[in-house]
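Chains as they are written, first to last, in the numbering used here: chain W, 1 to 362; chain C, 1001 to 1362. For every residue, glycine included, the Cβ atom is placed at its ideal position computed from N, Cα and C. Treat the numbers as computed from the prediction; the structure is a model and nothing was measured.
Number of protein chains: 2
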Amino acid sequence: MYLPPIGTRIEELDTPALVVDAAVLEQNIARMAEWSRRTGCAVRPHAKAHKTPLIARKQLEAGAIGISCAKLGEAEAMVAGGVPSVLITSELTGAAKLSRLIALARHADVLVVVDEAANARELSRAATAAGLRLGVLVEVNVGQDRCGVPPGGPAADLAATVAGLPGLRFAGLQGYEGNLQHVRTVEERQARCLVSMAQLLESRRAVEARGLSVGICTTGGTGTHDIAGEQEGVTEVQPGSYIWMDADYLQVQGLPYQGGLTVLTTVISRQRPGAAIVDAGQKAISQDGHGGPQVKHAGLSYAPMGDEHGKLAGNELPSLGDVVQLVPSHCDTTVNLHDHLHVVRDGRLEAIWRVEGRGKVT
Amino acid sequence: MYLPPIGTRIEELDTPALVVDAAVLEQNIARMAEWSRRTGCAVRPHAKAHKTPLIARKQLEAGAIGISCAKLGEAEAMVAGGVPSVLITSELTGAAKLSRLIALARHADVLVVVDEAANARELSRAATAAGLRLGVLVEVNVGQDRCGVPPGGPAADLAATVAGLPGLRFAGLQGYEGNLQHVRTVEERQARCLVSMAQLLESRRAVEARGLSVGICTTGGTGTHDIAGEQEGVTEVQPGSYIWMDADYLQVQGLPYQGGLTVLTTVISRQRPGAAIVDAGQKAISQDGHGGPQVKHAGLSYAPMGDEHGKLAGNELPSLGDVVQLVPSHCDTTVNLHDHLHVVRDGRLEAIWRVEGRGKVT
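The structure is reproduced here in structure tokens:
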């Protein structure tokens, strides 16, 4: 493995390379922290976007109350990297998972989510056997139709079950309107998010009616955090992509965050008329779900050409050996393809950070 | 990081997990070797499918003449893992790449491809400065319309340029009809492959007419190796996926290779009517280009639900905590998401192999 020396100019980095603009990263983190201070809504940033403990630490230093993680493996990587408090936002089940969870809970504050009583009982048995008390949020389906109990009564029923089980501490509720994050207009996003929040807050009231305290009511992503976070009763939000955005999120109106993430790629062939073939394909830049990347040069477009190649088209094509920057359409899955993040300031390499959570899907 | 002990039953592996059936892998490798012996066409298997040096070694032990690699980084991983001979099937350009290439060529037999005289001169300067002689194939476009010189005269011109440059040794021609690998019917694949082979062999004759010897004439993948490899003048083929196939390749008619690769996933939520939510999403199983995975259980289908989740639908849904096997639609990009390959025989874990070439996109 070969890593370039600090100070290397961006055009001289070996490609494909995942690159972040340090100034944009810092500005986006500061901007979210300002929003949090202004509104009083806490932020528990989602590590699924960066998977990098050093970025998590910067978010914590800016005021974040903890870090959200998509998977137990991602949480393990964050804790090993020095993050003291993690919320795992997906349900965990099975003996292998729970033994790892218990081990992790001995080294950090760990919160988990459940959407089924059987899963809560499984967690209770594991925690009790280990002599631990696990903080548990009940996940409520607020419109994404993936995980989560139905809102209202079912949420309250499960909260009561959790509260009554040994080894568990009922810590609150989680919603996630993931289906709304990329809704383009502010008006539609606002209207639909308020419907989701009504379901979450209805659940909160139903839980409180059972005499239980909802310490945490967490929801929202980059696209909806400002709408969700201003609702009375929502205590925190979980934005991830805001730190560097992507080509899809940059088309979502009304978000004050700047694009800072690119994949550098080199033209390796100019034999086809009207096309330049580059060395970044599906293994270097994600093309699932959100379409292909944008090219950060006016007048050029990118089309996939398999695992290792892409095709640039346009009027003023780059030459053999030229380096161009692609803006990923989906930052989470693109970052997941790379071992290293090249941190650039003023056009030169300032640091290389290992993406410790990459591939940590278990 | 946690790895399960040898002997673990497949249903007890932590998920998502990339799993290969050892018996199927061995049978597929043996079957390709038999084809090679029968036809006299050499095989240089493509490591882009497995990215795992131990599998490359098994292919070499079965008679393969060397290993093909998509990128220099993949070749570095193979050489570090003990593979003595690598062909890098994509063009390499730029100072960072060429310094790595020269370093690698000191430790293994390395073949590279070019499709432009300027690139050949760049390679010549680097090799000459290092006192090395690099084996170079001229890549010919035989219908994929990606890299490669046009067939015939342009191929012969570039071959003559390569042959005349110090530090380079003209080693032959590469074609790749990647556009035909997944053509479903034998008849259409045969007819179209013969058109591509006519272009490659026309190029061979044009090169020979300049008095140059074409030592290597390499082409073909899993879908077309038997058609391409039986043409007089084609010396070898580069199949990759045949070792374990995928859901897409398994629909290509007339291929004698068995499916052996799956991703294990666990049901983590049963709250939605008619659906079971599993813990494998776009970060565990590729969904780009070739659609979603198949479920290895009759009557169940999979739909993506984001980076970390999928949704199973069907009549007899599995229960919370149940483990199911998904057959990737695209093996190369799915393997590229995993650090470890779980090797299973008779339902129990026999070995864990590190996917050393994973993410080696530079």
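- Along the segment 328-346 of chain W, going in chain order, the ones with a CB nearer than 9 Å to a CB of chain C are H330, D332, T333, N336, L337, H338 and D339.
- Take G1289 (chain C), set aside five residues on each side of it, and the residues of its chain with a beta-carbon closer than 7 Å to its own are H1330, in chain order.
- For the segment 263-305 of chain W, the continuous beta strand (DSSP E) assignments of 3+ residues that do not extend past its boundaries occur at 276-278 and 300-304, in sequence order.
- In this structure, G357 (chain W) sits away from A22 (chain W), with a CB-CB distance that is not shorter than 8 Å.
- The three-state secondary structure of V1186 (chain C), taken from DSSP, is helix.
- Measuring C-alpha to C-alpha distances from D1246 (chain C) to each of C:L1317, C:Y1257 and C:A1095 identifies C:Y1257 as the nearest.
- P1016 (chain C) belongs to the set of residues whose beta carbon lies under 8 Å from a beta carbon in chain W.
- For K360 (chain W), the closest alpha carbon among the candidates C:I1216, C:I1006, C:I1010 and C:L1018 is that of C:L1018.
- Against chain C, the beta carbon of R270 (chain W) has neighbours under 8 Å at E1116, listed in chain order.
- Shown here, E1034 (chain C) sits in a helix according to DSSP, grouped into three states.
- Residues are counted here when their Cβ sits less than 8 Å from a Cβ of chain W; for the segment 1001-1016 of chain C these are M1001, Y1002, P1004, E1012, L1013, D1014, T1015 and P1016, given in chain order.
- The distance from the Cβ of G1153 (chain C) to that of A1206 (chain C) is about 6 Å, consistent with a contact at the 8 Å cut-off.
- Residues of chain W with a Cβ closer than 7 Å to the Cβ of T1266 (chain C) are, in chain order, T93 and G94.
- Using a Cβ distance threshold of 8 Å, P1239 (chain C) and P1045 (chain C) count as a contacting pair.
- When DSSP states are grouped into helix, strand and coil, D1109 (chain C) belongs to the strand group.
- No Cβ of chain C is located within less than 8 Å of the beta carbon of T222 (chain W).
- For Q1174 (chain C), the secondary structure class from DSSP, reduced to helix, strand or coil, is strand.
- K58 (chain W) does not reach chain C, its nearest Cβ partner there being about 22 Å away, counting only Cβ pairs nearer than 9 Å.
- Per DSSP, reduced to three states, the secondary structure at H1225 (chain C) is helical.
- Shown here, V1138 (chain C) sits in a strand according to DSSP, grouped into three states.
- Assigned with DSSP and collapsed to three states, K58 (chain W) falls in helix.
- Under the three-state reduction of DSSP output, I65 (chain W) falls in the coil class, being neither helix nor strand.
- DSSP places E1350 (chain C) in the uninterrupted beta strand (DSSP E) bounded by R1348 to R1354.
- Remark: C-beta atoms of S241 (chain W) and V140 (chain W) do not approach each other more closely than 8 Å.
- Chain-order list of chain W residues neighbouring I1277 (chain C): R146 and C147, by C-beta distance under 7 Å.
- Chain W has no Cβ within less than 8 Å of the Cβ of G1081 (chain C).
- In this structure P1318 (chain C) is buried. Its beta-carbon is surrounded by 16 or more other beta-carbon atoms within 10 angstroms.
- Closer than 8 Å to the CB of R100 (chain W) there is at least one CB belonging to chain C.
- Not one beta carbon of chain C lies nearer than 8 Å to the beta carbon of L300 (chain W).
- A straight line joining the alpha-carbon of V1234 (chain C) with that of N1336 (chain C) spans about 30 Å.
- According to the DSSP secondary-structure assignment, S85 (chain W) is paired through a beta bridge with W:D109.
- Any Cβ of chain W closer than 8 Å to the Cβ of A1191 (chain C) would place that residue at the interface, and such an atom is absent.
- Burial state of T52 (chain W) is buried, judged by a 10 Å Cβ sphere holding 16 or more other Cβ atoms.
- Nearest to L1312 (chain C) by alpha-carbon distance, out of W:A105, W:V295, W:M32 and W:D145, is W:D145.
- The three-state secondary structure of Q1258 (chain C), taken from DSSP, is coil.
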